[in-house]
Amino acid sequence: MGNYQSGDNTIQGERLSRREAVFDKMDDDSFALFYAGRRKYSSGESLFPFAVNKDFYYLTGIEQEGSSLLLSKRGGECREFLFIDPYEESKRRFYGKKLSIDEAKRLTGIPNVLLSTYLTSRLDRLLRQGLDGEEPVKKGYFDYSPELKIGPELDVKTFVNSLKVVYPDLHDLDARPLVMPLRKCKSDSEVEEIKKAAGYAKEGLLSAYSVLRPGAYLYDLGLFYEHAANSASSCSGLCHLTHIASGEEACYRDPFPGQKQAKEGEIVLLDVGAKSGQYGASICRSVPVSGRYTPHQALIYKIVLNCLRAMENLARPLISLKRINEFALDYLACECLREGLLPSKEAIYSIAYPNMVCELGLDCPEDYGELTLEEGDVIALYPGLYLSGEATAIKLKDVYLVTERGCRRLSDADIEIEDIERRFALQSK
1 MGNYQSGDNT IQGERLSRRE AVFDKMDDDS FALFYAGRRK YSSGESLFPF AVNKDFYYLT
61 GIEQEGSSLL LSKRGGECRE FLFIDPYEES KRRFYGKKLS IDEAKRLTGI PNVLLSTYLT
121 SRLDRLLRQG LDGEEPVKKG YFDYSPELKI GPELDVKTFV NSLKVVYPDL HDLDARPLVM
181 PLRKCKSDSE VEEIKKAAGY AKEGLLSAYS VLRPGAYLYD LGLFYEHAAN SASSCSGLCH
241 LTHIASGEEA CYRDPFPGQK QAKEGEIVLL DVGAKSGQYG ASICRSVPVS GRYTPHQALI
301 YKIVLNCLRA MENLARPLIS LKRINEFALD YLACECLREG LLPSKEAIYS IAYPNMVCEL
361 GLDCPEDYGE LTLEEGDVIA LYPGLYLSGE ATAIKLKDVY LVTERGCRRL SDADIEIEDI
421 ERRFALQSK
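Using UniProt numbering, you'd call the opening residue of the sequence shown number 1 and step up by one each time.
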């Protein structure tokens with residue numbers, strides 16, 4: 001490892017600990033290569049905004065495209081190398097500011113920072129003769145995420161296949177299992193970022209509420225949400241697309257704001273997200289266009305809200321996401337059957353989606369496989385009922401930290417019927 005020293009309470013110290021944990025998982029006489037990625041072309045010369053590979057960011061804290069991290073482990077000795085694109089002041093006005101080598105060292109705590117052009121030669125030394133003339137390394141870990149691009153037309157799998165032509169003894173392994181288990185339990189600083197993101201989402205919701213009235217265009221709600229959330233977060237961005245719909249369209253999965261106008265008596269569903277420091281929080285609210293829920297809408301709302309409360313009580317360490325989902329479906333089925341909204345419990349799939357819980361973090365959602373919850377996990381709970389025949393959808397989503405004895409809500413956005421109606425009443429004065 002490098003000679004970087006940092007207190008355990010700093011984010012740099014956390015990243016150092018994360019890289020040490022990856023080394024612990026690596027086999028001896030192996031290396032691991034992580035890429036930040038490259039922007040992708042949409043059409044012609046147009047590029048999509050750059051989104052950094054989250055495993056790379058988790059280990060380095062760097063968001064600069066074209067960067068890469070090489071970890072080498074031989075005979076118990078661990079070495080780390082960071083590669084970045086060259087900083088050229090003359091090109092700054094064309095491509096923006098790039099990290100200098102000294103800045104990258106300070107940000108990551110990695111002493112060995114080289115230009116990206118040297119990555120190929122470093123790999124060649126590892127695979128042909130070792131870094132210091134030892135036997136060649138024959139085992140490498142790579143991130144095969146299909147969305148990860150390391151060149152305009154180059155993905156990691158294609159690159160590794162080209163390496164194996166030159167170095168046929170190379171045995172490639174998936175690097176994601178080295179990192180994803182580490183990302184599951186969040187540190188205090190990570191939880192704080194997610195809590196900030198939830199606060200930005202709340203600010204966006206309040207802004208969207210301010211323009212909600214009969215006749216309002218749903219795309220305006222989306223614009224007001226995104227402007228306020230981005231302003232609050234200093235343009236950290238959104239963790240997922242903004243989904244806003246009313247009436248029957250709200251019963252479809254992941255609806256987009258469209259040309260439709262909100263109608264008196266409808267419910268508007270706002271499924272929104274925000275980011276802070278690359279960490280995301282996702283919230284959903286279902287609010288009345290007229291400012292007050294009808295008795296029937298309130299009945300459905302209370303079923304969903306009570307289901308959310310019951311899911312909160314169930315979520316704790318050693319409980320699986322599958323069990324929470326099964327519990328939520330059964331709860332909604334029993335309550336809807338009791339209130340005459342369903343002919344049988346088995347019909348619940350006609351008005352509810354089967355997935356109502358996920359883990360959150362750098363990705364929204366995060367996929368850790370069939371694992372049980374642990375203290376420090378951050379989850380989203382999102383029960384909902386989608387009655388297309390009534391053109392009514394009620395979905396509620398909030399973000400929670402799993403604690404030793406249960407879970408704690410990280411958002412303080414209004415969710416009780418009385419609080420939402422009170423807010424709209426004050427807004428209309």
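We put the CB at the ideal spot given by N, CA and C, even for glycine.
Residue i (DSSP reduced to helix, strand or coil)
| i | result |
| --- | --- |
| threonine 372 | strand |
| cysteine 307 | helix |
| tyrosine 4 | Any reading at tyrosine 4 needs caution, since the residue's pLDDT is 33, under 50, leaving its predicted position unreliable; the model's value is listed next. Tyrosine 4: coil per DSSP, three-state reduction. |
| leucine 212 | coil |
| valine 289 | coil |
| asparagine 9 | Its pLDDT being 44, under 50, asparagine 9 is placed unreliably by the model, and nothing is read from it. |
| residue 434 | In the structure displayed, the chain extends from 1 to 429; residue 434 sits before or after that span and is not available. |
| alanine 281 | strand |
| lysine 98 | coil |
| alanine 380 | strand |
| arginine 38 | coil |
| leucine 426 | helix |
| glutamate 89 | helix |
| serine 344 | coil |
| leucine 318 | coil |
| glutamate 63 | coil |
| glutamate 192 | helix |
| glutamate 366 | strand |
| tyrosine 353 | coil |
The ligand MG heavy atom lying under 7 Å from the CB of residue i
| i | result |
| --- | --- |
| glutamate 80 | This structure lacks the ligand MG; in fact it carries no ligand of any kind. |
Selected residue, minimal CA-CA separation from residue i, among the options
| i | options | result |
| --- | --- | --- |
| arginine 408 | Cys358, Tyr87 and Asn313 | Asn313 |
| tyrosine 87 | Leu114, Val357 and Arg74 | Leu114 |
| arginine 316 | Ala228, Tyr209, Val402 and Asn161 | Val402 |
| glycine 247 | Ser234, Ser231, Gln259 and Val268 | Val268 |
| arginine 309 | Glu134, Ile415, Val179 and Pro168 | Ile415 |
| cysteine 336 | Cys358, Gln129, Asn325 and Ile351 | Ile351 |
| leucine 127 | Lys54, Gly37, Leu70 and Ala197 | Leu70 |
| cysteine 239 | Tyr279, Lys97, Arg106 and Ser320 | Tyr279 |
| glutamate 359 | Asp377, Gly222 and Tyr353 | Asp377 |
| lysine 73 | Leu182, Asp27, Leu170 and Asp174 | Asp27 |
| glycine 406 | Leu373, Arg18, Glu390 and Thr392 | Leu373 |
| aspartate 124 | Lys164, Pro111 and Ser100 | Lys164 |
| isoleucine 420 | Asn355, Val287, Leu371 and Tyr200 | Val287 |
| phenylalanine 31 | Gly96, Leu182 and Asp143 | Asp143 |
| glycine 181 | Glu346, Thr10, Ser388 and Arg18 | According to the sequence shown, residue 181 is proline rather than glycine. It is Arg18 whose Cα lies nearest to the Cα of proline 181. |
| tyrosine 58 | Asp174, Arg79 and Leu107 | Leu107 |
| threonine 60 | Pro152, Asn112 and Asp29 | Asn112 |
| glutamate 418 | Leu305, Glu266, Tyr41 and Ala229 | Leu305 |
| threonine 294 | Ile394, Ala197 and Glu80 | Ile394 |
| valine 272 | Leu329, Gln297, Ala328 and Gly199 | Gly199 |
| serine 42 | Pro152, Tyr35 and Glu89 | Pro152 |
| tyrosine 35 | Lys54, Val357 and Leu206 | Lys54 |
| cysteine 78 | Glu103, Phe50, Val22 and Ala51 | Val22 |
Continuous beta strand (DSSP E) stretch holding residue i: start and end
| i | result |
| --- | --- |
| phenylalanine 31 | 30-35 |
| glycine 142 | At residue 142 the sequence reads phenylalanine, which differs from the glycine that was named. Note, phenylalanine 142: beta strand (DSSP E), 139-142. |
| aspartate 271 | 267-276 |
| lysine 322 | Careful: lysine 322 lies outside any beta strand (DSSP E), inside the alpha helix (DSSP H) at 321-338. |
| arginine 79 | 77-84 |
| leucine 71 | 68-74 |
| cysteine 185 | Where cysteine 185 is concerned, there is no enclosing beta strand (DSSP E), given that its DSSP letter is neither H nor E. |
| cysteine 358 | 357-359 |
Residue range of the alpha helix (DSSP H) that includes residue i
| i | result |
| --- | --- |
| isoleucine 101 | 101-108 |
Anticipated Cβ contact below 8 Å, residue i with residue j, distance rounded
| i | j | result |
| --- | --- | --- |
| valine 399 | isoleucine 283 | 7 Å |
| tyrosine 209 | glutamine 427 | 7 Å |
| aspartate 85 | serine 116 | 5 Å |
| glutamate 264 | serine 290 | 5 Å |
| leucine 33 | glycine 140 | 7 Å |
| cysteine 307 | proline 383 | 4 Å |
| serine 67 | leucine 47 | Not really, about 17 Å apart at Cβ, beyond 8 Å. |
| valine 225 | glycine 204 | Residue identity check: residue 225 is tyrosine in the sequence provided, not valine. Between glycine 204 and tyrosine 225 the Cβ distance is about 4 Å, and since that is below 8 Å, they are a contact. |
| arginine 183 | glutamate 366 | 7 Å |
| leucine 354 | leucine 329 | Correcting the residue identity first, residue 354 is proline in this sequence and not leucine. 7 Å between Cβ atoms; contact. |
Where are the beta strand (DSSP E) runs, 3 residues long or more, that stay fully inside the segment 222-263, in chain order?
243-246
Of all the beta strand (DSSP E) runs that stay within the bounds of the segment 111-183, which reach a length of 3 or more residues?
113-115, 139-142, 149-151 and 171-174
Unbroken beta strand (DSSP E) runs of length 3 or more, entirely within the segment 385-412: which are they?
392-395, 398-402 and 407-409
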